[in-house]
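Undergrad:
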Amino acid sequence: MKMRSSFTLSLCVLGLTSVAFAGDTSYSPVSITTPFSEMMKSDIKNKPALMKKHHKLLNERYNLSEKVDPKATMSGGKPLPVGPTVKLKSGTSWDKLSALTPNEIKKKGLFPYLPLPHVSPDGGGLVVSKKQLETHPELVRFDMDFDLPNAYLPEFPAPLYLISRPDLGDVSKGEEITINNYYHKFNGILTPFQLEGLRLLVTPVAQQQFNVTDDRKAEKAQDAVTCFSCHVNGHTSGVFHLNPDNRPQDTRFRIDTPSLRGVNIQHFFGSKRALRTLEDFSEVEAKTAYFDGDPVIALKKGARRFTREEIAAMAAMQNMIAFPPAPKLGIDGKLNPKKATKSELRGEKLFATNCASCHSAPYYTDNSAHDLQVERFYKGRAEGLIKTFALRGIKDTPPYLHDGRLLTLEDTVEFFNLILELDLKKNEKTDLVSFLRAL
Ligand code: HEC
Ligand code: HEC
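The numbering of the sequence shown is our numbering, which starts it at -4 and goes up by one.
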């Protein structure tokens, strides 16, 4: 019953109340009977209330002061945001929280790191930051806006480092790589096959919200989304959407775009789906992930079906995208004691004891997935197994966790301190953050 009402609600958001379901279903409505102009009008009307509700939730949970550390920067020079950003319930402190058992925290409703919902969990879809929209008006949605402040997002555009040419440093030269400039930037640097892969990664195609059909969410009818719309410059700009791999609609998580840096060392792809090759993932991403994991909708909206050779070229290019330089790490991926500070070295020790069983050097992943059982701390749906993301270059990819609920590295340390029940002291947490910044 509950699921049924959620579908009715999602139809209202879409302005599709005339379509009725017989019961729970895995599928989205295919034939849209409401004209585009009517749907757009109703979405625009509903938007202020939707945004107000979501910002209320954000402000209840977070202190979004955009505090940064001007001395510590991402690879391209953007200052790192400083946390913890979550607000603790009155009368609680970090020490008091870690003295409680998971069950006590759950019962009292004190867990500060609840799953972060999509701005519209019913509507879902790709949402692009305000900063990115300045140069990409074609990605403006009329039904909702991006939610998090710029300080908590990766650099836009982020630098791109090539595995094949570390001598060149940032080959993007501070510009966003698009279909208009990729050729001149990379001709002579990449192989012809990689260059063809890059072309495909920056070629706009149809996507669920940006296409020509009546239920799109952009004013202009056009195919507007490239792989690099979300993985900007082979990294990420913090674009989020809903995970494409489960149903019904109200059980789908918000999912933050991961970086493609270092995909060459990874053994499986996707936070849950665990596709075994980069080629398979790239194919699935274009064929169904673009369309909410729904092949019926993909067919309707004009999915681009890449040939296996094109997919191989796209993978060949992605395999060249390197982690950013980490000058303090040695060839084993561990800190070089001659270059590291005392705090970083203490942090490395704490990391070795508490974190390295899952995040092992040199890339700080075990290429596996774990169920962190976060639902031990809150009432709500269990999130299950999630891929151990690599922590190399982690300072460049806020917000953290699959849904981006941890806005800063300080938040990641507080989160793991609670869920691993470590009871770390304040200075130990500072040391761990120093270490993470050096990766
Ligand atoms: C709407 C934004 C968006 C677009 C467009 C997009 N991706 Fe992704 N990509 C994501 C998200 C979100 C994930 C994480 C999915 C998951 O965990 O299941 C992801 C995951 C990946 C991964 C796996 C990374 C990992 O660490 O496991 C690869 C590889 C990838 N995308 C390649 C591509 C390619 C190739 C294209 C173009 C065909 C593309 N992506 C287009 C958002 C996007
Ligand atoms: C039991 C295995 C395990 C241990 C131990 C562990 N992690 Fe993780 N870590 C994970 C998994 C799995 C994820 C992805 C979880 C998610 O997205 O929901 C993750 C995610 C992260 C992220 C965010 C990555 C990103 O790209 O968003 C950071 C940062 C992190 N861990 C740091 C730590 C630190 C610091 C410690 C030790 C205090 C630690 N982890 C201990 C498994 C572990």
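Think of the CB as a built atom: it goes at the ideal place given N, C-alpha and C, for glycine as much as any other residue.
1) Quick check on Pro65: does DSSP put it in helix, strand or coil?
2) Near Lys125, what residues of its chain come up, given a Cβ to Cβ distance below 8 Å and the 5 sequence neighbours on each side ignored?
3) Given Leu4, which residues of its chain have a CB within under 8 Å of its CB, disregarding the five upstream and five downstream residues?
4) Assuming contact is defined by CB atoms lying nearer than 8 Å, are Val81 and Asp406 in contact in what I supplied?
5) Can you tell me which of Leu95, Asp366, Leu143 and Gln244 puts its alpha carbon nearest to the alpha carbon of Asp19?
6) Name the one or two DSSP bridge partners that Phe235 has.
7) Spell out a yes or no on whether the segment 316 to 323 and the segment 240 to 258 are touching, meaning 3 or more CB-CB pairs, one atom from each, closer than 8 Å.
8) For the segment 67 to 124, which segments carrying the beta strand (DSSP E) assignment without a break, of at least 3 residues, lie completely within its bounds, in sequence order?
9) At the level of alpha carbons, what is the spacing between Gly86 and Ala94?
10) Which residue marks the beginning of the alpha helix (DSSP H) containing His365, and which one marks its end?
11) How is Val166 classed by DSSP in three states: helix, strand or coil?
12) Using a Cβ-based criterion (distance less than 7 Å to any ligand heavy atom), does Leu386 qualify as near ligand 2?
13) Give a yes or no on contact between the segment 99 to 113 and the segment 366 to 376, applying the rule of three or more CB pairs nearer than 8 Å.
14) Secondary structure at Lys382, three-state DSSP: helix, strand or coil?
15) Identify the residues that DSSP records as bridge partners of Ile172: which are they?
16) Using a strict less-than 5 Å threshold between each residue's beta carbon and the heavy atoms of ligand 2, what residues do you get?
17) Leaving out five residues on either side along the sequence, give the residues of the same chain with a beta carbon under 6 Å from the beta carbon of Leu195.
18) When you measure from the CB of Arg247 to every non-hydrogen atom of ligand 1, does any distance come out below 7 Å?
19) May I ask you to report which of helix, strand or coil DSSP gives Phe16?
20) With a threshold of 7 Å, establish whether the CB of Phe188 neighbours any heavy atom of ligand 1.
21) Distance check for Lys323 and Pro332, CA to CA, integer angstroms please.
22) Could you tell me the alpha carbon to alpha carbon distance between Lys267 and Ile381, rounded to whole angstroms?
23) Should Lys421 be listed as close to ligand 1, given that the test is whether its C-beta is under 7 Å from any heavy atom?
24) Mind checking Thr150: buried by the 16 CB within 10 Å criterion, or exposed?
25) With distances taken between CB atoms, is the gap from Thr336 to Ser277 smaller than 8 Å?
26) Sorry if obvious, but does the Cβ on Arg194 come closer than 7 Å to a heavy atom of ligand 1?
27) Skipping 5 residues on each side, what residues in its chain have a beta carbon closer than 7 Å to that of Arg242?
28) So is Phe16 buried or exposed if we call it buried at 16+ other beta carbons inside 10 Å?
29) For Met69, is the beta carbon positioned less than 7 Å from some heavy atom of ligand 1?
30) Report yes if the CB atom of Ile403 is closer than 8 Å to the CB atom of Pro76, and no otherwise.
31) Leaving out five residues before and five after Glu214 in sequence, what residues of the same chain have Cβ atoms less than 8 Å from its Cβ?
TA: According to the data block:
1) As a working note, residue 65 is residue 70 in the sequence shown. Looking at Pro65 - three-state DSSP - the assignment turns out to be strand.
2) As a position in the sequence shown, residue 125 is number 130, starting the count at 1. Counting only Cβ-Cβ distances below 8 Å, and skipping sequence neighbours, we find Asp140, Phe141 and Asn145.
3) Numbered from 1 along the sequence shown, position 9 holds the residue referred to as residue 4. A caution first: Leu4 carries a pLDDT of 40, below 50, which makes its placement in the model unreliable, though a value can still be read off. If we look at Leu4 and ignore the five residues flanking it on each side, its Cβ neighbours are Asp117.
4) Here residue 81 is taken as the residue at index 86 of the sequence shown, counted from 1. Here residue 406 is taken as the residue at index 411 of the sequence shown, counted from 1. Yes, they are a contact pair.
5) By 1-based counting over the sequence shown, the position of residue 19 is 24. With distances taken between Cα atoms, Asp19 lies closest to Gln244.
6) Translated into positions along the sequence shown, residue 235 becomes position 240. Paired residue(s): Val122 and Asp251.
7) yes
8) With a minimum length of 3 residues, the unbroken runs of beta strand (DSSP E) contained wholly in the segment 67 to 124 fall at 74 to 76.
9) Counting from one through the sequence shown, the residue named residue 86 turns up at place 91. Counting from one through the sequence shown, the residue named residue 94 turns up at place 99. Cα to Cα, the separation comes out at about 14 Å.
10) For the purposes of this step, residue 365 is taken as the residue at position 370 of the sequence shown. Counting along the chain, His365 falls outside any alpha helix (DSSP H), though it belongs to the beta strand (DSSP E) covering Ala364 to Asp366.
11) Along the sequence shown, read from residue 1 onward, the residue named residue 166 stands at position 171. Residue state, collapsed to three classes: coil.
12) The residue you call residue 386 lines up with position 391 of the sequence shown. It does: the Cβ of Leu386 is within 7 Å (strictly closer) of some heavy atom of ligand 2.
13) With the cut-off at 8 Å, the segment 99 to 113 and the segment 366 to 376 touch.
14) Indexing the sequence shown from 1 puts residue 382 at position 387. The answer is strand: DSSP assigns Lys382 an E or B state.
15) Counting from one through the sequence shown, the residue named residue 172 turns up at place 177. Per DSSP, none; premise fails for Ile172.
16) In chain order, the hits are Asn349, Cys350, Cys353, His365, Ile381, Thr383, Phe384, Tyr395, Leu396, His397, Thr407 and Phe411.
17) Within the sequence shown, residue 195 is the residue found at index 200, counting from 1. So the list reads Glu305 and Met309, once near-sequence residues are dropped.
18) Here residue 247 corresponds to residue number 252 of the sequence shown, with the count starting at 1. False, no ligand heavy atom lies under 7 Å from that Cβ.
19) One-based indexing of the sequence shown puts residue 16 at position 21. Unreliable placement is indicated for Phe16, whose pLDDT of 44 sits below 50; the coordinate value is still reported in the next sentence. In this structure, Phe16 counts as coil in the three-state DSSP scheme.
20) Along the sequence shown, read from residue 1 onward, the residue named residue 188 stands at position 193. For ligand 1, not one heavy atom lies less than 7 Å from the Cβ of Phe188.
21) Taking the first residue of the sequence shown as 1, we reach residue 332 at position 337. Taking the first residue of the sequence shown as 1, we reach residue 323 at position 328. In a straight line, the C-alpha of Pro332 is about 8 Å away from that of Lys323.
22) Taking the first residue of the sequence shown as 1, we reach residue 267 at position 272. Taking the first residue of the sequence shown as 1, we reach residue 381 at position 386. About 6 Å.
23) Within the sequence shown, numbered from 1, the residue matching residue 421 stands at position 426. No - ligand 1 has no heavy atom lying nearer than 7 Å to the Cβ of Lys421.
24) Within the sequence shown, residue 150 is the residue found at index 155, counting from 1. Just to set this straight, residue 150 is Glu in the shown sequence, not Thr. It counts as buried.
25) For the purposes of this step, residue 336 is taken as residue 341 along the sequence shown, with counting starting at 1. For the purposes of this step, residue 277 is taken as residue 282 along the sequence shown, with counting starting at 1. No, the pair does not count as a contact, with Cβ atoms beyond the cut-off.
26) Taking the sequence shown and counting its residues from 1, the one referred to as residue 194 is at position 199. Incorrect: Arg194 has no Cβ contact closer than 7 Å to ligand 1.
27) Looking up residue 242 in the sequence shown gives position 247. Cβ-Cβ distances below 7 Å link Arg242 to Ser21 in the same chain, with the five nearest sequence neighbours on each side left out; the list follows chain order.
28) Walking along the sequence shown from the start, residue 16 turns up at place 21. Reliability of the predicted coordinates at Phe16 is poor, the pLDDT of 44 falling under 50, and the value obtained from them is presented with this limitation in mind. By the neighbour-count rule (16 or more Cβ atoms within 10 Å), Phe16 is not buried but exposed.
29) Taking the sequence shown and counting its residues from 1, the one referred to as residue 69 is at position 74. Short note on Met69: C-beta not closer than 7 Å to any heavy atom of ligand 1.
30) Residue numbering aside, residue 403 sits at position 408 when the sequence shown is read from its first letter. Residue numbering aside, residue 76 sits at position 81 when the sequence shown is read from its first letter. The sequence shown places Thr at residue 403, rather than the Ile named in the question. Yes, these two residues count as a Cβ contact at 8 Å.
31) As a working note, residue 214 is residue 219 in the sequence shown. For Glu214, where only same-chain residues beyond five positions count, the Cβ hits under 8 Å are Met35, Val135 and Phe137.
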